Amino acid sequence: MSFQPTEPFAPARFLASPHAQTIYASLVRPTHAPPLKRERWELPDGDFVNLDSFDGPPGAPHLVALHGLEGSSRSGYMNVTLTGAQQLGWGATALNFRSCGGETNRLARSYHSGDIEDALSVMRHLRQRHTGPLYAVGFSLGANVLLRLLEDTGDDAPVDAAAAVSAPYDLSICSKAIDGPGPFQKLYRDRFLRTLKQKAREKLRLFPGAFDGEALERALTLRAFDDAVTAPLHGFRDAAHYYEVSSSGPQLHAIRRPTLLLSAEDDPIIPASTIPKDVSGNPHLHRVVTAQGGHVGFVAGGALTPRFWGEAQVLAFLSARK
Numbered sequence: 007m008s009f010q011p012t013e014p015f016a017p018a019r020f021l022a023s024p025h026a027q028t029i030y031a032s033l034v035r036p037t038h039a040p041p042l043k044r045e046r047w048e049l050p051d052g053d054f055v056n057l058d059s060f061d062g063p064p065g066a067p068h069l070v071a072l073h074g075l076e077g078s079s080r081s082g083y084m085n086v087t088l089t090g091a092q093q094l095g096w097g098a099t100a101l102n103f104r105s106c107g108g109e110t111n112r113l114a115r116s117y118h119s120g121d122i123e124d125a126l127s128v129m130r131h132l133r134q135r136h137t138g139p140l141y142a143v144g145f146s147l148g149a150n151v152l153l154r155l156l157e158d159t160g161d162d163a164p165v166d167a168a169a170a171v172s173a174p175y176d177l178s179i180c181s182k183a184i185d186g187p188g189p190f191q192k193l194y195r196d197r198f199l200r201t202l203k204q205k206a207r208e209k210l211r212l213f214p215g216a217f218d219g220e221a222l223e224r225a226l227t228l229r230a231f232d233d234a235v236t237a238p239l240h241g242f243r244d245a246a247h248y249y250e251v252s253s254s255g256p257q258l259h260a261i262r263r264p265t266l267l268l269s270a271e272d273d274p275i276i277p278a279s280t281i282p283k284d285v286s287g288n289p290h291l292h293r294v295v296t297a298q299g300g301h302v303g304f305v306a307g308g309a310l311t312p313r314f315w316g317e318a319q320v321l322a323f324l325s326a327r328k
């Protein structure tokens with residue numbers, strides 16, 4: 007039976023617009039999480055990622071959380087999700103993608119929307135460490151990473167169930183959306199590019215010639231950044247090749263674990279045309295699409311007393327898998 011939300015989504019008063027949902031959510035989500043233990047996880051290629059975690063009782067579910075572009079374990083949606091997992095009596099691990107854990111990584115490469123190997127290494131490690139169910143949730147870029155991981159691993163997926171929130175199913179179309187005209191698109195774009203370019207400059211200082219520094223400085227759009235930096239660092243011909251190989255939308259049929267696909271039709275970064283219209287061919291997929299909610303927003307309740315509906319539905323969906 008397809009998952010039904012515990013309640014319909016109704017945006018908080020005065021937060022009906024997609025940009026209000028997106029921006030307000032990023033500003034008012036809690037800045038604190040349960041006490042977290044940091045662990046450096048060594049990767050097969052000689053690099054590392056930082057994990058922030060807490061354990062639940064023996065046999066309790068354990069939740070792996072993957073953040074979005076230029077996020078971290080401290081992002082607001084991660085805090086809400088980790089707190090919710092703790093309240094359920096679960097354990098949880100937040101994966102900080104390479105360059106997002108507060109330390110410079112050893113290798114020139116970084117992270118990207120289709121990079122599943124680091125997350126897969128961490129999940130297999132957690133699968134061995136914990137005896138209870140292993141669940142996963144991804145937000146935005148992390149949602150695409152999670153879906154690509156589930157698609158590539160199929161019946162051998164290391165998690166028992168998963169949830170993808172505001173996933174960019176078609177990276178090319180989504181890059182056009184965020185690179186489009188308008189003050190809000192510029193706000194989102196500039197916010198991402200500011201830290202992406204700072205990190206890329208440090209990479210170039212440590213690894214001269216890893217990519218074209220002049221092309222980096224000329225990049226004023228995400229696509230231009232991906233052409234200049236992401237593609238050459240990770241073995242793609244160009245941004246178009248990166249988007250084609252890494253987009254999760256075309257391969258959803260390969261997923262073999264119960265997976266929630268949560269999106270909003272008014273998402274200013276993920277055009278509604280890219281959200282899968284019919285997933286009935288794969289009984290493992292549970293599609294929930296709201297009319298409103300913005301990008302990783304889904305703020306209900308009141309503006310002064312917000313309730314984070316999206317995170318609540320993720321935990322409700324995963325709880326029902328036990």
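Everything in the sequence shown is counted per the working numbering, starting at 7 for the first residue and increasing by one. A virtual CB, placed ideally from N, CA and C, is assigned to each residue, including glycine. Values in this document were obtained by computation on a predicted structure and should not be read as measured data.
query, result
"Distance between beta carbons of A306 and W315, contact taken as under 8 Å", "4 Å"
"8 Å Cβ cutoff met for S252 and R154", "yes"
"Nearest candidate by alpha-carbon position, reference Q204, set E223, D176, H68 and S181", "E223"
"Residue interval of the beta strand (DSSP E) (run including G77)", "Premise fails: G77 is in no beta strand (DSSP E) and is neither H nor E."
"Close-in-space but distant-in-sequence residues of the same chain around A260 (CB under 6 Å, 5 per side omitted)", "E157 and G160"
"Where the alpha helix (DSSP H) containing K3 begins and where it ends", "Only positions 7 to 328 of the chain appear in the structure, and residue 3 is not among them; the question remains open."
"Assigned secondary structure, L113 (DSSP; H/G/I helix, E/B strand, else coil)", "coil"
"Delimiting residues of the beta strand (DSSP E) encompassing K43", "K43 to E48"
"Contact the segment 281-290 vs the segment 180-189: 3+ CB pairs below 8 Å", "no"
"Counted within 10 angstroms of its Cβ, other Cβ atoms place H38 as buried (16 or more) or exposed", "exposed"
"Local conformation of R104 per DSSP, three classes", "coil"
"Cβ neighbour criterion (16 or more within 10 Å) applied to T28", "buried"
"Assigned secondary structure, R313 (DSSP; H/G/I helix, E/B strand, else coil)", "strand"
"Beta-ladder partner(s) of Y141, from DSSP", "L69 and A167"
"Contacting residues, own chain, Cβ-Cβ under 8 Å from L42 (five flanking each side not counted)", "D58, S59, F60, S79, L88 and A100"
"Whole-number beta carbon distance between C106 and H73, since they are thought to touch under 8 Å", "7 Å"
"As assigned by DSSP and simplified to three states, the class of N56", "strand"
"Bridge-paired residues (DSSP) for T99", "S59 and V70"
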